[in-house]
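Participant:
Chains as they are written, first to last, in my numbering: chain C, 64 to 175; chain H, 407 to 521.
(1) Taking 7 Å as the CB-CB limit, is residue 447 (chain H) close to chain C?
(2) Taking the alpha-carbon of residue 84 (chain C) as reference, which of C:141, C:126, C:153, C:90 has the nearest alpha-carbon?
(3) Please list the residues of the stretch 82-94 of chain C that have a C-beta atom closer than 8 Å to any C-beta atom in chain H, keeping them in chain order.
(4) Do three or more CB pairs link the stretch 493-507 of chain H to the stretch 428-447 of chain H at distances below 8 Å?
(5) Within the stretch 74-100 of chain C, note down every full beta strand (DSSP E) run reaching 3 residues or more, in order along the chain.
(6) Just verifying my parser: in three-state terms, what is the DSSP assignment at residue 491 (chain H)?
(7) Name the chain H residues that come within less than 9 Å of residue 113 (chain C), Cβ to Cβ?
(8) At 7 Å on the CB atoms, spell out the chain H contacts of residue 105 (chain C), in chain order.
(9) Does any C-beta atom of chain C lie closer than 7 Å to the C-beta of residue 427 (chain H)?
(10) At a threshold of 6 Å, does residue 485 (chain H) count as lining the ligand GDP (C-beta to nearest heavy atom)?
(11) At what residues does the beta strand (DSSP E) containing residue 157 (chain C) begin and finish?
(12) Nearest to residue 152 (chain C) by CA position, among C:162, C:143, C:145, C:146, is which residue?
(13) Residues of chain H with CB under 8 Å from residue 116 (chain C), in chain order?
(14) Going along the stretch 444-473 of chain H in order, which residues come within less than 8 Å of chain C, judged by CB to CB distance?
(15) Flag this pair as yes or no: are the beta carbons of residue 137 (chain C) and residue 69 (chain C) separated by less than 7 Å?
(16) Answer yes or no: do residue 443 (chain H) and residue 514 (chain H) have a C-beta to C-beta separation smaller than 7 Å?
(17) Can you grab the Cα-Cα spacing for the pair residue 117 (chain C) / residue 134 (chain C), in whole Å?
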């Protein structure tokens with residue numbers, strides 16, 4: 064089976080840094096995605112990692128360690144608009160297909 | 407210009423009815439998907455189509471039948487609706503099925519409520 068774990072909720076202060084962790088145990092690994100989803104809206108793509116290491120994109124960075132089955136999303140200089148759910152998703156291998164399997168998401172609340 | 411669009415945005419219906427949700431993408435992508443997001447916000451793949459051909463059919467009741475008339479459209483028909491079908495259904499698309507780094511673009515979602 065596929066297992067992707069993230070904390071359910073986190074709270075952080077405006078201007079601070081927050082790290083959202085994701086651990087996975089999946090059948091096959093073809094990369095890990097992070098998506099952002101504001102309440103009542105569609106998920107939007109943030110990052111993709113397939114090799115170990117850190118990928119930086121503006122205020123957002125994503126890290127992957129394949130040997131540990133671990134990733135994190137780092138958000139710097141938090142803004143109120145960063146309040147959203149953050150979804151970790153792994154592209155797995157399943158009977159010749161490679162679907163995207165999502166974790167249950169981490170709901171981040173940014174407070175003043 | 408809307409990249410991935412879905413209609414309707416809201417759908418309220420009674421148990422036992424049959425309903426359809428339509429999806430269109432204008433990105434020129436080859437691959438389209440249907441996802442279900444339940445009340446706990448868990449997003450799960452239902453189907454994927456590549457160039458009108460069904461590729462993935464996860465463990466979904468056969469009351470759900472997708473149809474792709476062309477690669478820009480993927481519709482979802484649901485027969486004999488049940489209370490447990492209440493959820494938000496997202497359509498998505500990606501450039502192709504086999505480039506693993508391809509991000510998926512999601513439509514705005516259809517909130518289905520079965521009473």
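Each residue gets a CB set at the ideal place from its N, CA and C atoms; glycine is no exception.
Source: prediction; values computed, not measured.
Facilitator: Considering the structure as presented:
(1) yes
(2) C:126
(3) 93, 94
(4) yes
(5) 81-88, 95-100
(6) helix
(7) 506, 507
(8) 496, 512, 513, 514, 515
(9) no
(10) No copy of the ligand GDP occurs in the structure displayed, which carries no ligand at all.
(11) That residue, residue 157 (chain C), is in no beta strand (DSSP E); it is neither H nor E in DSSP.
(12) C:162
(13) The contacting residues do not exist; residue 116 (chain C) stays about 15 Å from chain H at best.
(14) 446, 447, 448, 449, 450, 451, 454, 461, 462, 464
(15) no
(16) no
(17) 10 Å
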